[in-house]
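Data block below; observations after.
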Amino acid sequence: MRGRNLEHFPRWIKAAVLTTALPAFGAAVSAQEVLTLDQALEMAAAGSYAAQAGALDEKIAEQKVKESLSLYYPKIDVSVGHVHLDNDPAFKFGPAIFPAGEQLYWKWDLTVQQTLWDFGRRRDILNASETARVAVGKRVSNEIRMKQAEVTAIYMQAVTLADQISVVGSRKKSLEDHLKVAKNLYEQGVVTRNDLLRTEVALRSLDDAARELETARRTAVDKLLVAAGMDISDDVVLEDPAGKVAPLSLTRGWSEAELRDRAVSGNEGLKALDGKISALEDAHSFARKESYPYLVGAAGHSYEQNRYFAYPHVNRLFLGVSVNLFDGGARKAREVEARAEVEKARRERLEAEREVVSAIMKAYRDYRDAVEEHDTAKLNAASSAENLRIIEDQYREGLLKTTDYLEAESLLADSRFRETESLHKVISCEAAIAALMGEDLRQFFAGKN
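If you count by my numbering, then the sequence shown holds residues 718 to 1166, one letter each, in order.
Here it is, written out as C-alpha cells:
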C-alpha cells in the first residue's frame, strides 16, 4: 500500500506497518539506487535492444537513401596498367609483316558516363528508399513504445510483489501480537491449545510465503533491468508511481469506437506498414520500367604507349541509347516478385490493424475492470478492517476461536493487496493503451497528453 488509505485500518495495524516498513525502507534507500518508472521508461527508450537495434536499422535506411542518390551522379572509371604480350603485335600483308605495336607498354583510360534519361527509374528508387527510411523510423518508434509498455507492466508487477511482501510483513506482526493474546488466554483457561498451534502454523506459512514473494520480486526486477537495457547486477529499489502520476486522460471514459479510431490513426506500427507499402509500390514501378532503354552520355580519354601510333592520346564522346533486349526472363520475374511483395504488405497491414484493434480493446476492457476492482477493493478493505476489529474484541472475550480470527485477518490482508494490485493494473493497462495509440509514455504519464 506504500502509506496510502490507512485511515480505515485499526491503530495497531497502522503502527505495525510503520514499524516494519519505515526502517526497512530507509535502509534499502541508503544502500540501493531508487529507480523511478520515468527513469525506467527513459532507459528503455535509449538502452533497450529495440532502441539500439532500431538505431542501426535507421542508419542502414539512411545509407540506402544515399545509395539511391548516387544514381544521379556520373560514373567515373579509371584504369592504369602495364601490358605484357607474348609476341610483338604485327600486320601481315602477303609475305610482308609490318610491326603494329609494342610487346611491353603502358596504357591508361579515363571514362565519365552519365545516365541522361531512364524514364523515371532513378526517381522510383529514390522515392522507395526515402519512404522506407521514414517507415523504418516509425517502426522503431512503435517498437520502443511497446517496449516501454512492457517495462511499465514489469515495473508494476515488481512493485505489486513488493507491496504484497509488505502486507505479509504486517500480517506476521499482527499474528505475533495475536499469539501473545492467545497464550495469555490459554494460561487463563479461556482457549484451548489448538488456538496456539493454529496461530503458529499460520506464522510459519507466512515465512514461506514471504520467501516465495521475495524470489518472485527479485526475478521481476532482473527482468525489468534486462528489458530497460540495464546491467542485471545493478542494485535498485523501485518507487511506487501510484498517486504520483498526473490524472490520466483515460478517466474521461472514452468509448470503444473512439479508442479504435485513435489506435488505427495513431499507431506508429501501422504508419510504418503504410510507408512500407508505398516504398514497395515504388519498387514495383521501377521493376516495370527495367525493360525500358537508357539515354546515355559518355566522355573519355585514353592513352597507349605505342611508337607506331601517330596519335597515342585519344579523346572520345558518346551519346546514345542502351537497352537490354533479352535477359532470359529475369526482369519479368522481378516485376512479378515486386507486385507480390506489395500484395503481401497490404495483407500484413490489414492483419496488423486487426491485431492492434484487438489488443487495445482487450487493454481497455482490462482497464475498466481494474478500475471497478479498485473501487470494490477499497470498500472491502474498510469492511474487512472493521470486521477484524469486531472479531478481535470477541476473541478476547472468549466468544470466538482462533480460526475465526485467522480468517478475518486473511480477508483483510487479501483486500488490502487487491486494492493495490488493481491500482497497479490500471497503470499497466493505461501504458498499453497509450503505446497502441502512438503516445509517448513519458509525456503521457506526466499528464501532458
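Virtual Cβ for every residue (Gly too), placed ideally from N, Cα, C.
Alpha-carbon spacing of residue i relative to residue j, whole angstroms
i       : j       : result
Gly818  : Tyr1011 : 36 Å
Ala870  : Lys783  : 40 Å
Ser858  : Gln769  : 12 Å
Glu759  : Val851  : 23 Å
Gly743  : Val898  : Confidence in Gly743 is poor, its pLDDT being 46 and thus under 50, which makes the residue's placement unreliable; the coordinate value appears in the next sentence. Rounded to whole angstroms, Gly743 to Val898 spans 31 Å at the Cα level.
Thr736  : Ser883  : Model confidence at Thr736 stands at a pLDDT of 43, short of 50, so the residue's coordinates are unreliable; what they give is reported in the following sentence. So the alpha carbons of these two residues sit roughly 11 Å apart.
Gln780  : Val876  : 43 Å
Ile861  : Ala937  : 20 Å
Gln881  : Leu1129 : 13 Å
Val829  : Gly1037 : 14 Å
Val1031 : Trp823  : 14 Å
Glu1114 : Asp912  : 14 Å
Ala1102 : Val885  : 16 Å
Glu1147 : Ala1080 : 8 Å
Glu931  : Leu997  : 51 Å
Phe1161 : Ala763  : 18 Å
Ala974  : Ala1149 : 17 Å
Leu776  : Arg935  : Reading off the sequence shown, one finds Lys at residue 776, where the question assumed Leu. Straight-line Cα distance between these residues: approximately 36 Å.
Glu917  : Leu941  : 36 Å
Ala1125 : Ser1100 : 11 Å
Trp834  : Arg1066 : 35 Å
Asp1086 : Leu902  : 44 Å
Ala919  : Ile1107 : 20 Å
Gly771  : Thr753  : 24 Å
Asp1083 : Arg888  : 29 Å
Arg1051 : Arg1024 : 51 Å
Val1059 : Lys1049 : 16 Å
Asp978  : Met863  : 19 Å
Asn1097 : Glu1070 : 40 Å
Leu976  : Ala1151 : 10 Å
Met947  : Arg1063 : 37 Å
With 16 other Cβ atoms within 10 Å as the buried cut-off, status of residue i
i       : result
Ser950  : exposed
Glu1156 : buried
His1091 : buried
Gly992  : buried
Asn1041 : exposed
Ala1027 : exposed
Phe1134 : buried
His799  : exposed
Leu1034 : exposed
Ser787  : exposed
Ser922  : exposed
Asp925  : exposed
Asp999  : buried
Glu929  : exposed
Nonlocal neighbours in the same chain, by C-beta distance under 6 Å from residue i, ignoring five residues either side
i       : result
Gln820  : Leu802 and Asp805
Asp826  : Ser796 and Ser1019
Leu1140 : Ala959 and His1091
Met873  : His1141, Ile1144 and Ser1145
Ile793  : Val829
Ala741  : Here the model assigns Ala741 a pLDDT of 44, short of 50, so the residue's position is not dependable and the matter cannot be decided.
Glu956  : Val751 and Thr753
Pro791  : Val829 and Gln831
Ala757  : Val868, Tyr872 and Ala945
Ala933  : Leu878
Ala1016 : Val829 and Leu1034
Residue i: first and last residue of the uninterrupted alpha helix (DSSP H) it sits in
i       : result
Tyr766  : Tyr766 to Leu786
Gly992  : Glu985 to Arg1005
Gln830  : Unbroken run through Gln830 is the beta strand (DSSP E), Leu821 to Trp834; no alpha helix (DSSP H).
Ala1158 : Going by the sequence as given, residue 1158 is Leu instead of Ala. First-last of the alpha helix (DSSP H) with Leu1158: Leu1158 to Phe1162.
Bounding residues of the beta strand (DSSP E) (the contiguous stretch that carries residue i)
i       : result
Asn658  : Residue coverage of the chain in this structure runs from 718 to 1166, which leaves residue 658 outside it and unanswerable.
Phe808  : Ala807 to Phe810
Phe1035 : His1030 to Ser1039
Leu1042 : Leu1042 -> no beta strand (DSSP E), and no H or E assigned at all.
Phe815  : Ala813 to Pro816
Leu955  : Val953 to Leu955
Tyr790  : Where Tyr790 is concerned, there is no enclosing beta strand (DSSP E), given that its DSSP letter is neither H nor E.
Tyr1009 : Where Tyr1009 is concerned, there is no enclosing beta strand (DSSP E), given that its DSSP letter is neither H nor E.
Glu750  : Glu750 to Leu752
Chain-order list of residues whose beta-carbon lies under 8 Å from that of residue i (same chain, five-residue window excluded)
i       : result
Val1073 : Ala980, Val981, Asn984, Gly986, Leu987 and Leu1153
Lys900  : Leu913
Close Cβ partners of residue i (< 7 Å) along its chain, the five nearest in sequence each way excluded
i       : result
Lys855  : Glu985, Lys988, Ala989 and Gly992
Ala745  : Confidence at Ala745 is low in this model, with a pLDDT of 41, below 50, so its placement is unreliable and no value can be given for it.
Glu867  : Ala944
Val853  : Asp774, Glu775 and Ala778
Ala1094 : Ser1132, Arg1135, Glu1136 and Ser1139
Ala1076 : Leu1153
Open item on the list: Measuring CB atoms only, is the region 893-904 touching the region 841-855, in the sense that at least three cross pairs come out at less than 8 Å?
Closed with: no
- [ ] Check whether the region 834-842 touches the region 993-1007, taking contact to mean three or more Cβ pairs, one atom from each stretch, closer than 8 Å.
- [x] Using a Cβ-Cβ distance cut-off of 8 Å, the region 834-842 and the region 993-1007 are in contact, since at least three pairs of beta carbons, one from each stretch, lie closer than that value.
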